[in-house]
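Trainee: Submitted below is the structure of interest, expressed as structure tokens.
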Amino acid sequence: MDYYSSYPRHDVLCIDMRSFYASVEAVKLGLDPMKTMLAVVGDPNRSGSIVLAASPELKKRYGISNVSRFFELPDDPDIHIVPAHMADYLQVSVEITKLINQYVPKEAIHQYSVDEVWVTVNGIERLFGSRWEAARKIKQDIMESFGITASIGIGDNKFLAKIVMDLHAKKEGIAECRYEDVEEKLWPFPVEDIWGIGSRMKRNLNRMGIITLEQLARFDPDRLKKRFGIMGEQLYWHAWGIDLSPVFGDFTRQEQKGFGHGISLLRDYSPEETSVCILDLCEEVCRRARTAGKSGKTIHLGIGYSQETGGGFSRSRSIDLPTNVTMDVYHVCQQLFYEFYDRKSSIRRVYVTLDNLFDKQETQLDLFEDRTKKNDIGYVMDDIRDRYGSTAILRASSYTDAGITLERSGKIGGHYA
């Protein structure tokens with residue numbers, strides 16, 4: 003098709019490890035990951051703990067997914083329930099990447115997540131055959147080496163490899179989508195099936211009469227760009243299967259918009275305990291900002307109440323001078339908390355964000371406080387933690403039952419290692 007003649011073509015694979023956490027746990031138990039019913043639970047001691055992964059058979063038979071809760075699992079003695087072991091999953095992921103490195107150089111491997119990776123296989127035909135043959139070999143190698151089933155999408159670019167993997171390869175094992183296949187393999191699907199479109203964008207597109215990917219591709223790109231900015235333009239080109247992001251290296255990094263950190267609490271917290279939790283979160287948010295050389299002027303606090311009460315609030319406040327000082331952010335969060343908290347509900351979720359960012363400049367002088375000293379303290383604490391570990395120096399409140407930093411230090415990705 004001449005329409006695509008000016009766009010680059012590559013041999014890109016998108017490899018997804020099927021039900022990765024559950025598959026790793028099944029293999030550890032000597033079970034078949036594709037036939038065993040197994041659930042990986044964040045914390046089996048909490049009935050409300052989330053199911054991080056369910057084996058394909060458990061999904062098929064009971065409809066359990068990674069948004070289900072522990073208490074929703076059926077009372078079936080054939081279901082294996084295991085706690086998460088994040089360090090094991092990371093180790094297996096690293097080993098799988100090493101295996102792929104036997105086929106292509108490191109710079110051709112683009113890790114997207116712990117269980118998903120792009121691989122550019124340009125120029126390996128003499129060693130491993132066509133991109134289809136390379137995909138089959140890698141899939142078989144992963145199965146023989148780790149006992150894990152992989153789904154592989156093949157495309158002319160990263161987007162096509164990813165989307166055909168999501169839409170077709172998870173059923174077929176391996177699936178391919180070239181530019182010429184877009185109308186047949188992508189256009190019949192609803193817009194929400196495309197990678198990168200969430201529920202809010204789906205609603206917005208549906209209101210404009212855009213239900214399928216074909217309707218998105220046929221829509222006026224200028225109207226999409228006017229309505230959604232550069233995102234609208236990108237969605238239009240994606241509907242045509244066009245993606246110009248580089249195949250060597252990661253997706254083009256977007257500028258950091260803000261720094262956020264949150265937690266779902268293991269029990270109901272009182273207002274006093276929540277203040278301790280907020281301080282720990284402010285510490286982490288500001289540490290990230292300082293590491294990136296950024297300061298922010300807008301501070302956001304989100305609070306979610308317990309399931310019995312429901313609800314919560316989400317509020318933000320801007321300050322005059324950008325900051326990355328922990329106590330500056332904490333004091334604003336405390337103002338927001340006591341201004342909008344209903345004084346009666348127990349608290350189960352807390353989130354803190356610092357945005358409206360600025361590059362770190364020379365600290366602006368203030369006649370009434372020593373801002374330079376406040377900044378220096380934060381950087382000194384960061385340096386100690388970088389050298390000796392995240393718990394090498396903590397505020398006294400972090401050692402109380404309400405503190406979250408010590409517990410989180412023993413976790414990977416929010417779950418116990």
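In terms of this note's numbering, the sequence shown opens at residue 3 and continues consecutively. Every residue gets a Cβ at the ideal spot worked out from N, C-alpha and C, and that includes glycine.
Rounded to whole angstroms, how far is the Cβ of Ile111 from the Cβ of Val121, which I believe are closer than 8 Å?
Mentor: Translated into positions along the sequence shown, residue 111 becomes position 109. Translated into positions along the sequence shown, residue 121 becomes position 119. Yes, Ile111 and Val121 are in contact; Cβ-Cβ is about 6 Å, under 8 Å.
Trainee: Using only CA atoms, which one of Glu274, Glu275 and Leu283 lies nearest to Gly262?
Mentor: Position 260 of the sequence shown holds residue 262. Of Glu274, Glu275 and Leu283, the residue nearest in Cα terms is Leu283.
Trainee: State the Cα-Cα distance for the pair Met203 and Phe191, rounded to the nearest angstrom.
Mentor: As a first step, residue 203 is located in the sequence shown; it is residue number 201 there, counting from the start. As a first step, residue 191 is located in the sequence shown; it is residue number 189 there, counting from the start. Computed Cα separation, rounded: 16 Å.
Trainee: Could you tell me how far apart the beta carbons of Gly157 and Val166 are, in whole angstroms, since I believe they sit closer than 8 Å?
Mentor: The sequence position of residue 157 within the sequence shown is 155, counting from 1. The sequence position of residue 166 within the sequence shown is 164, counting from 1. Yes, they are in contact, since the Cβ atoms of Gly157 and Val166 sit about 6 Å apart, within 8 Å.
Trainee: For Ala163 and Ser347, what's the separation of their Cα atoms in angstroms?
Mentor: Working through the sequence shown from its first residue, we reach residue 163 at position 161. Working through the sequence shown from its first residue, we reach residue 347 at position 345. Whole-angstrom Cα-Cα distance: 47 Å.
Trainee: Would you mind listing the alpha helix (DSSP H) stretches within the stretch 297-341 that are 4+ residues and don't spill past its ends, in chain order?
Mentor: Qualifying alpha helix (DSSP H) stretches: none in this window.
Trainee: Cβ atoms of Gly298 and Leu215: under 7 Å apart, would you say?
Mentor: On the sequence shown, residue 215 is found 213 positions in, with the first residue counted as 1. On the sequence shown, residue 298 is found 296 positions in, with the first residue counted as 1. Not closer than 7 Å, so no.
Trainee: Check the C-beta distance from Ile213 over to Ile144 and give it rounded, since I have them as a contact under 8 Å.
Mentor: Counting from one through the sequence shown, the residue named residue 213 turns up at place 211. Counting from one through the sequence shown, the residue named residue 144 turns up at place 142. Actually they are not in contact, since the Cβ atoms of Ile213 and Ile144 sit about 37 Å apart, beyond 8 Å.
Trainee: Quick check on the DSSP output: the beta strand (DSSP E) that includes Glu178 runs from which residue to which?
Mentor: The residue you call residue 178 lines up with position 176 of the sequence shown. Unbroken beta strand (DSSP E) run through Glu178: Ile176 to Cys179.
Trainee: Between which two residues does the beta strand (DSSP E) carrying Glu118 extend?
Mentor: Position 116 of the sequence shown, counting from 1, holds the residue named residue 118. Start and end: Glu118 to Thr122.
Trainee: The ligand SAH heavy atoms versus the CB of Asp18: any closer than 6 Å?
Mentor: The ligand SAH is not among the ligands present in this structure, which contains no ligands whatsoever.
Trainee: Should Gln142 go down as buried or exposed, given a rule of 16 or more other Cβ atoms within 10 Å for buried?
Mentor: Against the sequence shown, residue 142 aligns to sequence position 140. It counts as exposed.
Trainee: Which residue comes first and which comes last in the alpha helix (DSSP H) that contains Ala1?
Mentor: Because the chain in this structure spans residues 3 to 419, residue 1 falls outside the shown range and cannot be described.
Trainee: Which residue comes first and which comes last in the alpha helix (DSSP H) that contains Ala24?
Mentor: Within the sequence shown, the letter at position 22 stands for residue 24. Taken as a continuous stretch (DSSP letters only), the alpha helix (DSSP H) holding Ala24 covers Phe22 to Lys30.
Trainee: Output the distance between the C-alpha atoms of His240 and Phe130, rounded to the nearest integer angstrom.
Mentor: Residue 240 sits at position 238 when you count from the first residue of the sequence shown. Residue 130 sits at position 128 when you count from the first residue of the sequence shown. Each residue's alpha carbon lies about 30 Å from the other.
Trainee: Do Ile280 and Ile349 have their beta-carbon atoms positioned less than 7 Å apart in this structure?
Mentor: As a position in the sequence shown, residue 349 is number 347, starting the count at 1. As a position in the sequence shown, residue 280 is number 278, starting the count at 1. Contact: no.
Trainee: Helix, strand or coil: how does DSSP classify Asp183 here?
Mentor: By 1-based counting over the sequence shown, the position of residue 183 is 181. Helix, per DSSP.
Trainee: Could you spell out the range, first to last residue, of the alpha helix (DSSP H) harbouring Asn358?
Mentor: Stepping through the sequence shown from its first residue, residue 358 is reached at position 356. Segment Ile349 to Asp361 is the beta strand (DSSP E) holding Asn358; no alpha helix (DSSP H) there.
Trainee: Under 8 Å: do the stretch 285-300 and the stretch 322-330 share three or more Cβ pairs, one atom per stretch?
Mentor: Contact holds: three or more Cβ-Cβ distances are below 8 Å.
Trainee: Output the distance between the C-alpha atoms of Arg220 and Arg209, rounded to the nearest integer angstrom.
Mentor: Along the sequence shown, read from residue 1 onward, the residue named residue 220 stands at position 218. Along the sequence shown, read from residue 1 onward, the residue named residue 209 stands at position 207. Straight-line Cα distance between these residues: approximately 16 Å.
Trainee: Alpha carbon to alpha carbon, how far is Ser105 from Glu235?
Mentor: Indexing the sequence shown from 1 puts residue 105 at position 103. Indexing the sequence shown from 1 puts residue 235 at position 233. The amino acid occupying residue 105 in the given sequence is Tyr; Ser does not appear at that position. One C-alpha to the other measures close to 35 Å.
Trainee: Where do the N-terminal and C-terminal ends of the beta strand (DSSP E) with Leu40 fall, by residue?
Mentor: What you label residue 40 is simply residue 38 of the sequence shown in a count that begins at 1. That run of the beta strand (DSSP E) goes Leu40 to Val43.
Trainee: Among residues of its own chain, excluding the 5 on either side of Asp361, which ones have a beta-carbon nearer than 7 Å to its beta-carbon?
Mentor: Along the sequence shown, read from residue 1 onward, the residue named residue 361 stands at position 359. These residues qualify, in order along the chain: Gly295 and Lys296.
Trainee: Span of the alpha helix (DSSP H) holding His240?
Mentor: As a working note, residue 240 is residue 238 in the sequence shown. Start and end: Ile232 to Ala241.
Trainee: How many angstroms separate the CA atom of Tyr9 from the CA atom of Val94?
Mentor: Within the sequence shown, the letter at position 7 stands for residue 9. Within the sequence shown, the letter at position 92 stands for residue 94. If you take the alpha carbons of Tyr9 and Val94, they lie about 36 Å apart.
Trainee: Pull up the distance between the alpha-carbon of Ser277 and that of Ser49, whole angstroms please.
Mentor: For the purposes of this step, residue 277 is identified with residue 275 of the sequence shown, where counting begins at 1. For the purposes of this step, residue 49 is identified with residue 47 of the sequence shown, where counting begins at 1. Whole-angstrom Cα-Cα distance: 26 Å.
Trainee: Give the C-beta separation of Val42 and Ala86 to the nearest angstrom, bearing in mind that I take them to be a contact with Cβ-Cβ under 8 Å.
Mentor: Locating residue 42 in the sequence shown gives position 40, where the first residue counts as 1. Locating residue 86 in the sequence shown gives position 84, where the first residue counts as 1. Indeed, because the Cβ distance is near 5 Å, the residues count as touching under 8 Å.
Trainee: Classify Leu188 as helix, strand or coil using the three-state DSSP reduction.
Mentor: Residue numbering aside, residue 188 sits at position 186 when the sequence shown is read from its first letter. The answer is coil: DSSP assigns Leu188 none of H, G, I, E or B.
Trainee: What are the uninterrupted segments assigned as alpha helix (DSSP H) that are 4 or more residues long and contained completely in the stretch 192-222, given in chain order?
Mentor: With a minimum length of 4 residues, the continuous alpha helix (DSSP H) runs that stay inside the stretch 192-222 are 201-209 and 215-220.
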